[in-house]
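Student: Residue numbers (the UniProt record's numbering): 1 to 746.
(1) Decide if residue 354 is buried, meaning its Cβ has at least 16 other Cβ atoms within 10 Å, or exposed.
(2) Do residue 114 and residue 80 come within 8 Å of each other at the CB atom, strictly closer than that value?
(3) Could you check where the alpha helix (DSSP H) with residue 229 kicks off and where it finishes?
(4) Cα-Cα, which of 259, 105, 340, 474 is closest to residue 220?
(5) Assuming residue 547 is part of the beta strand (DSSP E), what are its boundary residues?
(6) Output needed for residue 752: all residues of its chain with C-beta closer than 7 Å, excluding positions within five of it in sequence on either side, in chain order.
(7) Taking 6 Å as the limit between beta carbons, can you name the residues of its chain near residue 68, skipping five residues before and five after?
(8) Out of 87, 523, 657, state which residue places its alpha-carbon closest to the alpha-carbon of residue 574.
(9) Compare the C-alpha of residue 340 against each of 331, 315, 463, 370 and name the closest.
(10) Residue 555 by DSSP, collapsed to three states: which one?
(11) Quick check: residue 122 and residue 129, are their CB atoms within less than 8 Å of each other?
(12) Thinking just about the alpha-carbon of each residue, which of 46, 55, 56, 95 is nearest to the one in residue 83?
(13) Enumerate in chain order the residues of its own chain whose CB-to-CB distance from residue 434 is below 7 Å, with the five nearest sequence positions on each side excluded.
(14) According to DSSP, residue 74 sits in a beta bridge with which residue or residues?
(15) Roughly how many whole angstroms lie between the Cα atoms of residue 540 and residue 590?
(16) How about residue 376 and residue 489: do their beta carbons lie closer than 8 Å?
(17) Is the number of C-beta pairs between the region 504–522 and the region 633–651 that are closer than 8 Å three or more?
(18) Would residue 672 pass as a contact of residue 414 if the rule is Cβ separation under 8 Å?
(19) Give the DSSP-derived three-state secondary structure of residue 425 in the structure shown.
(20) Beta-carbon within less than 8 Å of residue 201's beta-carbon, same chain only, minus the 5 sequence neighbours each way: which residues are those?
(21) Could you check what DSSP says for residue 384 in three-state terms: helix, strand or coil?
(22) How many Å lie between residue 510 and residue 108 at the Cα?
(23) Where does the unbroken alpha helix (DSSP H) through residue 828 begin, and where does it stop?
(24) Select from 577, 587, 302, 652 the residue whose C-alpha is nearest the C-alpha of residue 617.
(25) Residue 317: buried (16+ other C-beta within 10 angstroms of its C-beta) or exposed?
(26) Is there a C-beta anywhere in chain C that falls below 8 Å from the one on residue 134?
(27) Compute the Euclidean distance between the alpha carbons of residue 271 and residue 645, then round it to the nearest angstrom.
(28) Looking only at its own chain, which residues have a Cβ that is under 6 Å from the Cβ of residue 473, when we skip the five neighbours before and after it?
(29) When DSSP labels each residue in this structure, what does residue 437 get in the three-state scheme?
(30) Between which two residues does the alpha helix (DSSP H) harbouring residue 265 extend?
(31) If you scan the region 485–539 from start to end, which runs of the beta strand (DSSP E) of 3 or more residues do you find wholly inside it?
(32) Quick one: using the 10 Å Cβ neighbour count with 16 as the cut-off for buried, is residue 731 buried or exposed?
(33) Suppose you measure from the CA of residue 41 to the CA of residue 57; what does that come to, to the nearest Å?
(34) Do the region 455–469 and the region 416–426 touch if we need at least three Cβ pairs shorter than 8 Å?
(35) Tell me the rounded alpha-carbon separation between residue 461 and residue 388.
(36) If you draw a straight line from the C-alpha of residue 728 to the C-alpha of residue 246, how long is it?
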């Protein structure tokens, strides 16, 4: 029998005493005998002396069987601690026995038979009493119910027993729920602290793998959804953020363990192709993988079994691509002349062997890059055309290049709209690269609008460029085209995620952008504060020039702090040490001299100069020495964190590229305007899925139920989930680790 926490706590109660029954007959004892009898009674229970306790109770009528030791532990609780079932049966036979928190103690120690005995008694008194916590317990909070404690400790048999007897765990409301009935009333408990502890305790129970296994027909989906809720609650409740992060990690790893227990690619395929609701992802079959990407389940996505299936879907039987070890520009450039042949296959033989080969996601990517390379060449060419002194609308080369760019822009927009329809707005815009593309397309559309304005309203007569206003459509279009060119080339960073060496760097760059945005807020407050103080501090001295009467050397007043614009420019470039150190100097012009007299001496406003120089020095210290170095340290920490988990981060980023091209059409822009047999099939499939979604939505509205019995009609899938759960139960049960995660288990 394992040592209990109470084996070393009763040193004061181990004095020698006889367990023999008193020879005296049944009598009423005096108060001075009460303490001695209580001590003997509790020590005999601890030693599991059933006969001694029976005699003591028989010989002392009115004895209090609910007496406690100095720690507040009753005799029944001591019997449970030592797992003395005969003693427990004896005590439970007493009518005056109080159960108290004994059920919770039996659950904590995983004494299954004792739990059954206590449940039977409590349910006989009141079924609701058996499902609630005990109010006056010294170890367990009142909100902790038996099913919650059993789930937190991961006691499989007891969880199953309680579930069969109707015990349930209430699902917490959303993280930012402010309903008056539940959330606001709970928030008033102990200034919200008790409510936060209650919610965390509930999630500790819900996140236990064995509870998920016993209550969910799809443990992987449940783990995904629970992980999302844990992340949201952790972001809202900063006090217990680390606890929520620990539970979130455990939940994510549970899904990873289940996928790792699959013994064949067929089982992995069955999990990944499971459809959730009526979402439509085009021709990409692995719906569960899309969900994992949406919920940022990086460990699940990066698992070897998942990536093996994805590799086959990505490159098919093109083994040369896998063995190449890199994605060189040679393959992309060689694909450019083949685009015409691919178009013919797409139009007339999309389901042929060659057509299916070129419809592989990897070939879609190569086709897209080949067409995108042409677009970059045209864009660079148009951006570097010679600027004529007089506008010339008859420039055929420029007109041709601009028409090609407009054609590409229109095809990119069609491609974007299709992705929004296929993926849904939320999923599409949750990916930052898609937001980046939308911004680039908006600027490209504005560029085309400027071109149209300049061509539709030519100047008559022509005027030289130097006389054009700053808002001239041609000038604005050229500026926008330069920005679009930069953004279009930077779009290639997205493909760096395919490389193991460049992928972590690209992911780190994205993470560090978030760090920069946070520090930019601090820097913005600093620069606004100093701008407000210095923006017109030197206004009076604007344009002043002082001439040295001896050397004739002229000194002009610096325009650093004479107005708002100059002040902002000085402070901003000062961060990069690109302003003069004499920006705070005050220059006062010479006083006019009278005829025949020497010029008056020049004044020096030392106070004004000292204040300006001091404030500028303080700004330099705060922005450069403190803020900029803090940004560097934060970015370094982010880079190290990403590098420490480089494989998972790289694989997750690479999978984003895989999914992106898996959902695109076979033909890249601007060839995606051409229709084919694929279009008919895709449109028909989309309409069919829309009809299914509408019918299911109508049923949900009428029945007011979110989930129905036919949510899992595939018996094969349910059988697989049960197999994986049983495998997990046999091979992954770690009670020591579970108790470390859940301190309530002791």
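In this text, a Cβ means the ideal position worked out from N, Cα and C, and glycines have one as well.
Note that this is a predicted model, so its numbers are computed, not measured.
Tutor: Concretely, from the data shown:
(1) Along the chain shown, one-based indexing puts residue 354 at 354. Burial call: exposed.
(2) Taking the chain shown and counting its residues from 1, one reaches residue 80 at position 80. Taking the chain shown and counting its residues from 1, one reaches residue 114 at position 114. The answer is yes: Cβ separation under 8 Å.
(3) Position 229 of the chain shown, counting from 1, holds the residue named residue 229. Per DSSP, residue 229 belongs to the alpha helix (DSSP H) from 219–236.
(4) Here residue 220 is taken as the residue at index 220 of the chain shown, counted from 1. Closest option to residue 220, Cα to Cα, is 259.
(5) Translated into positions along the chain shown, residue 547 becomes position 547. Run containing residue 547: 545–547, per the beta strand (DSSP E) assignment.
(6) Not covered by the structure: residue 752. The range shown for the chain is 1 to 746.
(7) Taking the chain shown and counting its residues from 1, the one referred to as residue 68 is at position 68. Excluding residues within five positions, the ones whose Cβ falls inside 6 Å are 74.
(8) Translated into the one-based positions of the chain shown, residue 574 becomes position 574. Nearest C-alpha to residue 574: 523.
(9) As a position in the chain shown, residue 340 is number 340, starting the count at 1. When only C-alpha atoms are compared, the closest one is 370.
(10) Taking the chain shown and counting its residues from 1, the one referred to as residue 555 is at position 555. Residue 555 falls in the strand class under three-state DSSP.
(11) Numbered from its first residue, the chain shown carries residue 122 at position 122. Numbered from its first residue, the chain shown carries residue 129 at position 129. Closer than 8 Å, so yes.
(12) Walking along the chain shown from the start, residue 83 turns up at place 83. Selected option, being the one with the closest Cα: 46.
(13) On the chain shown, residue 434 is found 434 positions in, with the first residue counted as 1. Excluding residues within five positions, the ones whose Cβ falls inside 7 Å are 428.
(14) One-based indexing of the chain shown puts residue 74 at position 74. 68.
(15) Taking the chain shown and counting its residues from 1, one reaches residue 540 at position 540. Taking the chain shown and counting its residues from 1, one reaches residue 590 at position 590. Their Cα atoms are separated by approximately 15 Å.
(16) The residue given as residue 376 occupies position 376 in the chain shown. The residue given as residue 489 occupies position 489 in the chain shown. In contact: residue 376 and residue 489 (Cβ atoms closer than 8 Å).
(17) yes
(18) In the chain shown, residue 672 corresponds to position 672, counting from 1. In the chain shown, residue 414 corresponds to position 414, counting from 1. Yes, the pair counts as a contact, with Cβ atoms nearer than the cut-off.
(19) Translated into the one-based positions of the chain shown, residue 425 becomes position 425. Residue state, collapsed to three classes: helix.
(20) Here residue 201 refers to the residue found at position 201 when the chain shown is read from its first residue. Closer than 8 Å at the Cβ level, and outside the excluded window around residue 201, lie 141, 143, 144, 148, 152, 744.
(21) To locate residue 384, count along the chain shown from 1; it is residue 384. Reduced to three states, the DSSP call for residue 384 is coil.
(22) Translated into positions along the chain shown, residue 510 becomes position 510. Translated into positions along the chain shown, residue 108 becomes position 108. In a straight line, the C-alpha of residue 510 is about 46 Å away from that of residue 108.
(23) Residue 828 is absent from the structure shown; the chain starts at 1 and stops at 746.
(24) As a first step, residue 617 must be located in the chain shown, where it is residue number 617. Looking at the Cα atoms, 577 is the closest of the given residues.
(25) Reading the chain shown from its first residue, position 317 is the one you call residue 317. So residue 317 counts as exposed.
(26) Going by chain labels, chain C is absent from the structure shown, which holds only one protein chain.
(27) On the chain shown, position 271 is the one that residue 271 refers to. On the chain shown, position 645 is the one that residue 645 refers to. So the alpha carbons of these two residues sit roughly 25 Å apart.
(28) Walking along the chain shown from the start, residue 473 turns up at place 473. Excluding positions up to five away in sequence, the list reads 450, 453, 454.
(29) Residue mapping note: residue 437 aligns to position 437 of the chain shown, counting from 1. Helix.
(30) Against the chain shown, residue 265 aligns to sequence position 265. Counting along the chain, the alpha helix (DSSP H) containing residue 265 begins and ends at 265–272.
(31) none
(32) Stepping through the chain shown from its first residue, residue 731 is reached at position 731. Under this definition residue 731 is an exposed residue.
(33) Reading the chain shown from its first residue, position 41 is the one you call residue 41. Reading the chain shown from its first residue, position 57 is the one you call residue 57. Near 9 Å, if we compare the C-alpha coordinates of residue 57 and residue 41.
(34) no
(35) In the chain shown, residue 461 corresponds to position 461, counting from 1. In the chain shown, residue 388 corresponds to position 388, counting from 1. Spanning the two alpha carbons is a distance of roughly 15 Å.
(36) Here residue 728 corresponds to residue number 728 of the chain shown, with the count starting at 1. Here residue 246 corresponds to residue number 246 of the chain shown, with the count starting at 1. Approximately 20 Å between the Cα atoms of the pair.
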